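Enquirer: Numbering (my numbering), first residue to last: 107 to 389.
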Amino acid sequence: MVLKYGSLFLVLLLTCYSFNHFYRNRERFPITLKSMISLLVGVSSATISFLIMLTTNYNVLLSIIFNLLLVILFLVLSKKLFNNGITGMLASLLGAFVGTVIGYMTFISSISVVIVDILFIVFIYLLLFFVDRKLVSNSNQKNKNKRNHAKTSNSTVILTSILVIFVIIFTVNMDKVNVGVIGQPQKQAAKQDDQNDLQYATIHVTPSGLSPRNTIFKPATMTKIIVDVDPDAGGNARLASTDLGINIPLKTGKNILLLNNPLKGEYTISLEPSKSVGKLVVK
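Shown next as structure tokens:
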């Protein structure tokens, strides 16, 4: 949780620093500046929306509320500081939309958050590096208002078109958007406890569902399954399996399930009420 909040703070801090840097040099390259602002707003919105989705544990409604506030904030900043309100708003909407969808489909883990942080830091570094190079090369260049207006209009049309295309693609493929599928561990093999003559494995219950989805066991061996329920996974969870004939309530923390010398085969398990499905493979 600390990593998620710290990442949000880091992204906001770098975004504010970049805005301040652009604002202080806004008179020196007005044409390039508006494109850079749109790029900054879009990528920052995508990153923040991604982190918000993971921080709220896939709470879509809460994420949408925060994203709307974020879009309004970028609209005001772009309008007041750079007279680039419409383009900034469209870039923010596009970024928030993409970040929310990808965040919803990403498995919650420290690795996911760290990777996004690193990518955003690299992006800010490259963006500021390009801007500083542009400041040097354009220090004496004069820009015409007509050209500036035309470029802004083109950017608005392009961003609107991209946003509409993304919304259409998302609407058509909505049934394929599943929670926490990107980066989710898919399988594990049970470990052997020679002292107690049994095999054991831990299955985590997260806001994304069962992790990993598939666990491999050896046949004809006493089996211990530890179902570890994350505090953020929600209450009233139940582990059900028609193959095993079980339907047991799960408490937060570790829950123990013992199987007496299971036979070879595949046993489907499901997490209620989330409908997350996994398999116990005995082979």
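Backbone N, C-alpha and C fix where the C-beta goes; we use that ideal spot for every residue, glycine too. All values derive from a computational prediction rather than experimental measurement.
Here's the rule I'm using: 16 or more other beta-carbon atoms within 10 Å means buried, otherwise exposed. How should residue 173 be labelled?
Expert: Residue 173 is buried by the Cβ-count criterion.
Enquirer: Who are residue 373's beta bridge partners in DSSP?
Expert: For residue 373, which the question treats as bridged, DSSP gives the partners 386.
Enquirer: Could you have a look at residue 253 and say whether DSSP puts it in helix, strand or coil?
Expert: For residue 253, the predicted structure reports a pLDDT of 48, less than 50, and the residue's modelled location is therefore unreliable. The matter cannot be settled from this model.
Enquirer: Is residue 130 helix, strand or coil by DSSP?
Expert: Three-state result, residue 130: helix.
Enquirer: Since residue 293 contacts residue 322 with CB under 8 Å, what's their CB separation in whole angstroms?
Expert: That pair is a contact at about 6 Å.
Enquirer: Quick one, are the C-beta atoms of residue 109 and residue 219 less than 9 Å apart?
Expert: The answer is yes: Cβ separation under 9 Å.
Enquirer: Going by other Cβ atoms of all chains shown within 10 Å of its Cβ, with 16 needed for buried, is residue 226 buried or exposed?
Expert: Answer is buried; the Cβ neighbour count reaches 16.
Enquirer: Have a look at the DSSP bridge pairing and note the partners of residue 349.
Expert: Beta-bridge pairing links residue 349 to no other residue.
Enquirer: CB-CB under 7 Å to residue 344, same chain, minus the five flanking residues each way: which ones, in chain order?
Expert: Once the five neighbours on either side are set aside, the close Cβ partners of residue 344 are 353, 354, 355, 356 and 378.
Enquirer: With distances taken from CA atoms, which of 113, 272 and 188 is nearest residue 126?
Expert: Out of 113, 272 and 188, 188 has the C-alpha closest to the C-alpha of residue 126.
Enquirer: So what's residue 306 in DSSP terms, helix, strand or just coil?
Expert: The answer is strand: DSSP assigns residue 306 an E or B state.
Enquirer: Just the Cα atoms here: how many angstroms apart are residue 133 and residue 318?
Expert: Those two C-alpha atoms are separated by around 54 Å.
Enquirer: Quick one: grab the DSSP three-state call for residue 295.
Expert: Here residue 295 sits in strand by DSSP.
Enquirer: Mind listing, in chain order, the continuous alpha helix (DSSP H) runs of no fewer than 4 residues lying wholly within the segment 159-228?
Expert: 166-188 and 191-211, all fully within the segment 159-228.
Enquirer: Mind checking residue 115: buried by the 16 CB within 10 Å criterion, or exposed?
Expert: Classification for residue 115: exposed.
Enquirer: Applying the criterion that 16 or more other CB atoms from any shown protein chain within 10 Å of the CB defines a buried residue, is residue 339 buried or exposed?
Expert: The residue in question, residue 339, is buried, as its Cβ has 16 or more Cβ neighbours within 10 Å.
Enquirer: On the DSSP letters alone, give me the boundaries of the beta strand (DSSP E) that residue 327 sits inside.
Expert: From DSSP, residue 327 is part of no beta strand (DSSP E); its letter is neither H nor E.
Enquirer: Strictly by DSSP, which residues pair up with residue 335?
Expert: DSSP output for residue 335 lists 311 and 359 as bridge partner(s).
Enquirer: Which residues in the same chain have their Cβ closer than 7 Å to the Cβ of residue 142, if we skip the five residues on either side of it in sequence?
Expert: So the qualifying residues of the chain are 128, 233 and 237.
Enquirer: Below 8 Å CB to CB, which residues in the same chain sit around residue 195 once its five sequence neighbours on both sides are set aside?
Expert: For residue 195, where only same-chain residues beyond five positions count, the Cβ hits under 8 Å are 177, 180, 181 and 184.
Enquirer: Go ahead and pull the three-state DSSP assignment for residue 344.
Expert: Strand, per DSSP.
Enquirer: Determine the DSSP secondary structure at residue 380, reduced to helix, strand or coil.
Expert: Residue 380 falls in the coil class under three-state DSSP.
Enquirer: Enumerate in chain order the residues of its own chain whose CB-to-CB distance from residue 346 is below 6 Å, with the five nearest sequence positions on each side excluded.
Expert: Cβ within range, chain order: 353, 376 and 378.
Enquirer: Cutting at 8 Å between CB atoms, please list the residues of its own chain near residue 160, excluding the five before and the five after it.
Expert: 110, 209, 212, 214, 218 and 219, listed in sequence order.
Enquirer: Would you mind working out which of 124, 202, 230 and 264 sits nearest residue 193, comparing C-alpha positions?
Expert: Closest by alpha carbon: 264.
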